[in-house]
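Chains as they are written, first to last, in our numbering: chain A, 1 to 111; chain B, 1 to 114.
Using N, Cα and C, we set each Cβ at its ideal position, and we do this for glycine too.
Notes follow once the structure below has been shown.
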């Protein structure tokens, strides 16, 4: 158990909709990283927050955004959903630069 | 720039035989290297990591990997496969910037035949 909790575990929604994925911290974790895992693109880094501030951006679409709140939990917002957004979304938490702890992921299905 | 190549997308072994999952990397920095395992419908679990200490790294569940700088490789091995090892394995490299510069390999699916 990584101690990182992601909710919901599964989400099915229609094209054009907006969803919010949540990642809850382990104690002391200041960083959060979001990843998308799809069949055709593999695992891709989306975005990183550190102590509430955006630290790095990867291959994140403009329709996607993230936040990290004062209690350090994070949300990934996906809007104007398309079929191709169907994927497994992971968050990872870390209090050390040399390791990260991954949540179990949220499986998003866009129909 | 950094990259990681997992040389086999699928590996099939018989139970009780050795496992070899191959990973080559390139990095402009002194890299940190990791292997993660993902069981079906599960999250990613850290198997082991290399962070410039001992070049032979032992991980969980009997896995180990050897960092070979001259060959830019970080292959994952296990002496004897178990049915529970069937999963997908990801080789990961990070640079000096920490996880914001993380690069994942495309994954190797390990099948274990009884």
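If you follow the beta strand (DSSP E) that residue i is in, where does it begin and where does it stop?
{"i": "residue 51 of chain B", "result": "No beta strand (DSSP E) holds residue 51 of chain B; DSSP gives it neither H nor E."}
{"i": "residue 10 of chain B", "result": "10-14"}
{"i": "residue 63 of chain B", "result": "It is not in any beta strand (DSSP E) - residue 63 of chain B carries neither H nor E in the DSSP assignment."}
{"i": "residue 4 of chain A", "result": "Element bounds for residue 4 of chain A: n/a, residue is neither H nor E."}
{"i": "residue 2 of chain B", "result": "2-6"}
{"i": "residue 109 of chain B", "result": "108-113"}
{"i": "residue 24 of chain B", "result": "23-27"}
Listing by chain order, which chain B residues have their CB less than 8 Å from the CB of residue i?
{"i": "residue 43 of chain A", "result": "90, 104 and 107"}
{"i": "residue 90 of chain A", "result": "43 and 44"}
Kindly give me the distance between the Cβ atoms of residue i and residue j, rounded to whole angstroms, as I take these residues to be in contact under 8 Å.
{"i": "residue 70 of chain A", "j": "residue 52 of chain A", "result": "7 Å"}
{"i": "residue 89 of chain B", "j": "residue 108 of chain B", "result": "5 Å"}
{"i": "residue 49 of chain B", "j": "residue 33 of chain B", "result": "7 Å"}
{"i": "residue 87 of chain A", "j": "residue 36 of chain A", "result": "5 Å"}
{"i": "residue 72 of chain B", "j": "residue 26 of chain B", "result": "6 Å"}
{"i": "residue 21 of chain A", "j": "residue 76 of chain A", "result": "4 Å"}
{"i": "residue 4 of chain A", "j": "residue 103 of chain A", "result": "4 Å"}
So with CB distances below 7 Å, who are the chain B contacts of residue i?
{"i": "residue 67 of chain A", "result": "Per Cβ cutoff of 7 Å: no residues; residue 67 of chain A is ~17 Å from chain B at best."}
{"i": "residue 28 of chain A", "result": "What residue 28 of chain A touches in chain B: nothing, since even the nearest Cβ is about 16 Å away."}
{"i": "residue 102 of chain A", "result": "43 and 44"}
{"i": "residue 105 of chain A", "result": "43"}
According to DSSP, is residue i helix, strand or coil?
{"i": "residue 60 of chain A", "result": "coil"}
{"i": "residue 99 of chain B", "result": "Here residue 99 of chain B scores only 46 on pLDDT, less than 50, and its place in the model is too uncertain to base an answer on."}
{"i": "residue 39 of chain A", "result": "coil"}
{"i": "residue 76 of chain B", "result": "strand"}
{"i": "residue 44 of chain B", "result": "strand"}
{"i": "residue 33 of chain B", "result": "strand"}
Taking residue i as the reference, give the member of the options with the closest Cα.
{"i": "residue 114 of chain B", "options": "B:85, B:8, B:25 and B:70", "result": "B:85"}
{"i": "residue 34 of chain A", "options": "A:83, A:77 and A:90", "result": "A:90"}
{"i": "residue 60 of chain A", "options": "A:72, A:22, A:78 and A:68", "result": "A:78"}
{"i": "residue 67 of chain A", "options": "A:14, A:31 and A:4", "result": "A:31"}
{"i": "residue 12 of chain B", "options": "B:93, B:81 and B:94", "result": "B:81"}
{"i": "residue 67 of chain B", "options": "B:43, B:77 and B:111", "result": "B:77"}
Consider the C-beta atom of residue i and the heavy atoms of the ligand ADP; say whether any pair is separated by less than 7 Å.
{"i": "residue 13 of chain A", "result": "For the structure depicted, the ligand ADP is absent and the ligand set is empty, with no information on it obtainable."}
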